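**Student:**
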């Protein structure tokens with residue numbers, strides 16, 4: 005918790021934020037104009053860090069997530085008569101040399117002396133620091149900052165202002181702000197194990213024992229920030245579902261009870277228990293291969309997970325296929341997302357039973373998109389019918405997905421037996437794309453590349469021109485896998501996760517099996 009009376013400040017300063025505006029996708033252009041290009045020369049104080057869309061970075065004394073700005077002083081300064089816009093600093097507010105001061109831009113002055121009657125629009129606004137003589141000594145003009153992105157001087161007092169996901173309220177700004185302006189990247193580091201803490205009441209645990217798939221209210225703690233209530237449910241099917249007395253996997257819906265409540269730009273968290281992947285590594289490799297090939301696929305990161313303070317072990321955080329994920333890959337993320345369970349397919353027989361994972365706000369609500377696909381697949385495979393299929397399916401990307409499943413030996417996917425699949429319908433193109441999922445049982449068995457079980461795969465391979473495109477996709481994915489430095493990746497991941505697996509009280513595999521699985525990938 006970032007509660008602090010910051011060094012060198014006068015009246016106490018605490019941390020707060022919850023107005024939520026997710027209209028601007030992460031990574032939009034950020035425009036900052038800073039008056040005084042020589043850095044902090046404006047009477048020894050300047051704007052130093054600003055977060056105009058604080059969803060889950062820090063909270064104030066009331067536990068709220070509000071926008072905030074940090075001032076930095078290179079010399080002692082009394083802020084009597086100084087202002088942010090038209091809001092005057094409280095009399096007696098002062099900063100010591102090297103001091104930092106956080107002011108909440110929440111327009112809620114009743115919450116504290118440093119809660120300014122200032123509000124910012126992350127899509128476009130201006131913040132001015134005004135000296136006692138009325139002169140504007142620092143101006144930041146902002147436009148299009150995403151959730152949990154900051155604007156700052158890196159390092160403190162630098163002449164230039166840059167966007168970053170490295171928020172450091174009350175602490176020194178790093179010299180390197182990094183390249184990312186997408187806060188979700190913090191949830192998927194490539195060089196660290198993240199820590200996720202969950203809290204459930206006794207009643208909530210009992211409810212999950214009785215009905216594991218229905219979310220119950222709980223709390224989520226990440227990077228010292230507590231978010232509640234969130235919806236917590238268990239996940240998994242016949243081979244991977246475990247109860248809370250064993251290695252349970254978790255699905256967390258951050259916005260289940262408070263619409264607009266996100267964690268670092270995410271509304272869903274998926275924590276896989278990896279009980280079907282003794283290597284704790286195969287999913288990482290598989291999804292990296294898919295992403296490298298341009299196939300819409302989740303990012304992943306290993307996580308140490310705690311429940312009510314108890315270490316539950318090593319998990320894999322897998323990016324959920326929600327609207328934020330779809331926005332990263334598709335021109336229009338507001339389409340229908342279908343999910344097939346074991347044995348289900350995209351034929352007419354399954355239209356009504358396939359799960360609608362997301363009803364797109366800009367898509368049909370009667371499953372007519374899926375019906376149209378099923379009607380084409382009901383036709384005998386032919387070059388003429390393939391033209392109709394091409395209007396409904398992104399064949400090239402879907403072929404890559406199928407080829408990828410074959411190359412990694414995904415015996416539990418769509419190609420080998422319809423399971424662990426999703427189909428996204430992009431309203432901007434009218435086409436479906438097959439998305440990979442559930443790749444924990446991979447790199448163990450061979451899949452016959454010309455004996456598909458999924459009806460869409462079988463139908464396409466019966467058409468000569470489509471079979472040629474599939475052959476090219478097979479070569480593409482095989483070449484990409486051969487070019488991957490899997491051994492080098494294992495050398496990085498293995499030592500990083502081994503201590504967490506070794507102390508995992510609920511693990512079903514051993515460290516030796518993990519090492520052997522990595523070496524055999």
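Numbering (the numbering used here), first residue to last: 5 to 525.
Every residue gets a Cβ at the ideal spot worked out from N, C-alpha and C, and that includes glycine.
Fair warning: this is a prediction, and the values are worked out from it, not measured in the lab.
With DSSP as the reference, label residue 86 as helix, strand or coil.
**Tutor:** Locating residue 86 in the chain shown gives position 82, where the first residue counts as 1. Residue state, collapsed to three classes: coil.
**Student:** Let's see if you can read the secondary structure: which residues bound the beta strand (DSSP E) around residue 267?
**Tutor:** Taking the first residue of the chain shown as 1, we reach residue 267 at position 263. That residue, residue 267, is in no beta strand (DSSP E); it is neither H nor E in DSSP.
**Student:** Check whether the stretch 71-81 touches the stretch 186-200, taking contact to mean three or more Cβ pairs, one atom from each stretch, closer than 8 Å.
**Tutor:** No, because fewer than three Cβ pairs between the stretch 71-81 and the stretch 186-200 fall closer than 8 Å, the two stretches do not touch.
**Student:** To the nearest angstrom, how far is it from the Cα of residue 481 to the Cα of residue 409?
**Tutor:** One-based indexing of the chain shown puts residue 481 at position 477. One-based indexing of the chain shown puts residue 409 at position 405. Looking at the two C-alpha atoms, the distance is approximately 9 Å.
**Student:** Residue 446 and residue 412 look like a contact to me (Cβ under 8 Å); what is the Cβ gap, rounded to whole Å?
**Tutor:** On the chain shown, residue 446 is found 442 positions in, with the first residue counted as 1. On the chain shown, residue 412 is found 408 positions in, with the first residue counted as 1. Between residue 412 and residue 446 the Cβ distance is about 4 Å, and since that is below 8 Å, they are a contact.
**Student:** For residue 429, report the span of its beta strand (DSSP E) as first-last.
**Tutor:** Here residue 429 is taken as the residue at index 425 of the chain shown, counted from 1. Residue 429 -> beta strand (DSSP E) spans 425-430.
**Student:** Excluding the 5 residues preceding and the 5 following residue 87 in the sequence, name in chain order all residues of the same chain whose CB lies nearer than 6 Å to its CB.
**Tutor:** Stepping through the chain shown from its first residue, residue 87 is reached at position 83. Closer than 6 Å at Cβ, skipping near neighbours: 134.
**Student:** Just confirm the distance between the C-beta atoms of residue 321 and residue 198, as a whole number of angstroms; I'd bet it's less than 8 Å.
**Tutor:** On the chain shown, position 317 is the one that residue 321 refers to. On the chain shown, position 194 is the one that residue 198 refers to. Rounded, the Cβ-Cβ distance is 6 Å, consistent with contact.
**Student:** Is residue 335 near the ligand GDP, with its Cβ less than 7 Å from a heavy atom?
**Tutor:** In the structure shown, the ligand GDP is absent, as is every other ligand, since no ligand is present at all.
**Student:** Would you call the stretch 311-328 in contact with the stretch 273-293, where contact means no fewer than 3 C-beta pairs closer than 8 Å?
**Tutor:** Verdict: yes, contact present.
**Student:** Measuring straight from C-alpha to C-alpha, what distance separates residue 344 and residue 312?
**Tutor:** The sequence position of residue 344 within the chain shown is 340, counting from 1. The sequence position of residue 312 within the chain shown is 308, counting from 1. Computed Cα separation, rounded: 33 Å.
**Student:** What does the alpha-carbon distance come out to for the pair residue 37 and residue 157?
**Tutor:** As a position in the chain shown, residue 37 is number 33, starting the count at 1. As a position in the chain shown, residue 157 is number 153, starting the count at 1. Reliability fails at residue 37, whose pLDDT of 41 lies under 50, so the model's placement of it is uncertain and the value that follows must be treated cautiously. Between residue 37 and residue 157, the C-alpha separation is close to 12 Å.
**Student:** Reducing DSSP to helix, strand and coil, say where residue 168 ends up.
**Tutor:** Looking up residue 168 in the chain shown gives position 164. Looking at residue 168 - three-state DSSP - the assignment turns out to be strand.
**Student:** Less than 8 Å between the CB atoms is what I'm expecting for residue 75 and residue 131, so what's the real figure, rounded?
**Tutor:** Taking the chain shown and counting its residues from 1, the one referred to as residue 75 is at position 71. Taking the chain shown and counting its residues from 1, the one referred to as residue 131 is at position 127. Incorrect: roughly 11 Å between the Cβ atoms, too far for contact.
**Student:** Between the alpha carbons of residue 279 and residue 250, how many angstroms are there, rounded?
**Tutor:** Taking the first residue of the chain shown as 1, we reach residue 279 at position 275. Taking the first residue of the chain shown as 1, we reach residue 250 at position 246. Using only the alpha carbons, I get a separation of about 11 Å.
**Student:** How many Å lie between residue 507 and residue 253 at the Cα?
**Tutor:** As a position in the chain shown, residue 507 is number 503, starting the count at 1. As a position in the chain shown, residue 253 is number 249, starting the count at 1. In a straight line, the C-alpha of residue 507 is about 17 Å away from that of residue 253.
**Student:** So, residue 302 versus residue 291, is the Cβ gap smaller than 8 Å?
**Tutor:** Translated into positions along the chain shown, residue 302 becomes position 298. Translated into positions along the chain shown, residue 291 becomes position 287. Closer than 8 Å, so yes.
**Student:** Measure the C-alpha to C-alpha separation of residue 200 and residue 215 and round it to an integer number of angstroms.
**Tutor:** One-based indexing of the chain shown puts residue 200 at position 196. One-based indexing of the chain shown puts residue 215 at position 211. Cα to Cα, residue 200 sits roughly 23 Å from residue 215.
**Student:** Once DSSP output is grouped into helix, strand and coil, what is the label at residue 228?
**Tutor:** Translated into the one-based positions of the chain shown, residue 228 becomes position 224. If DSSP states are grouped into helix, strand and coil, residue 228 belongs with coil.
**Student:** Out of 268, 63, 114, 152, point me to the one whose CA is closest to residue 126's CA.
**Tutor:** Here residue 126 refers to the residue found at position 122 when the chain shown is read from its first residue. Closest option to residue 126, Cα to Cα, is 152.
**Student:** DSSP three-state label for residue 50, please.
**Tutor:** Position 46 of the chain shown, counted from the first residue, corresponds to residue 50. Here residue 50 sits in strand by DSSP.
**Student:** Kindly indicate which three-state DSSP category residue 458 falls into: helix, strand or coil?
**Tutor:** Looking up residue 458 in the chain shown gives position 454. It is coil, neither helix nor strand.
**Student:** To the nearest angstrom, how far is the alpha carbon of residue 433 from that of residue 461?
**Tutor:** In the chain shown, residue 433 corresponds to position 429, counting from 1. In the chain shown, residue 461 corresponds to position 457, counting from 1. Roughly 21 Å separates the two Cα atoms.
**Student:** Between which two residues does the alpha helix (DSSP H) holding residue 405 run?
**Tutor:** As a working note, residue 405 is residue 401 in the chain shown. Where residue 405 is concerned, the enclosing alpha helix (DSSP H) stretches over 399-411.
**Student:** Taking residue 351 as the reference, give the member of 488, 458, 170, 392 with the closest Cα.
**Tutor:** Walking along the chain shown from the start, residue 351 turns up at place 347. Checking every option, the nearest Cα to that of residue 351 belongs to 458.
**Student:** Using only CA atoms, which one of 422, 359, 103, 110 lies nearest to residue 4?
**Tutor:** Only positions 5 to 525 of the chain appear in this structure, which leaves residue 4 out of reach.
**Student:** Would residue 220 pass as a contact of residue 236 if the rule is Cβ separation under 8 Å?
**Tutor:** As a working mapping, residue 220 is identified with position 216 in the chain shown. As a working mapping, residue 236 is identified with position 232 in the chain shown. Their beta carbons are under 8 Å apart, which means residue 220 touches residue 236 by this criterion.
**Student:** So for residue 253, helix, strand or coil by DSSP?
**Tutor:** Locating residue 253 in the chain shown gives position 249, where the first residue counts as 1. Strand.
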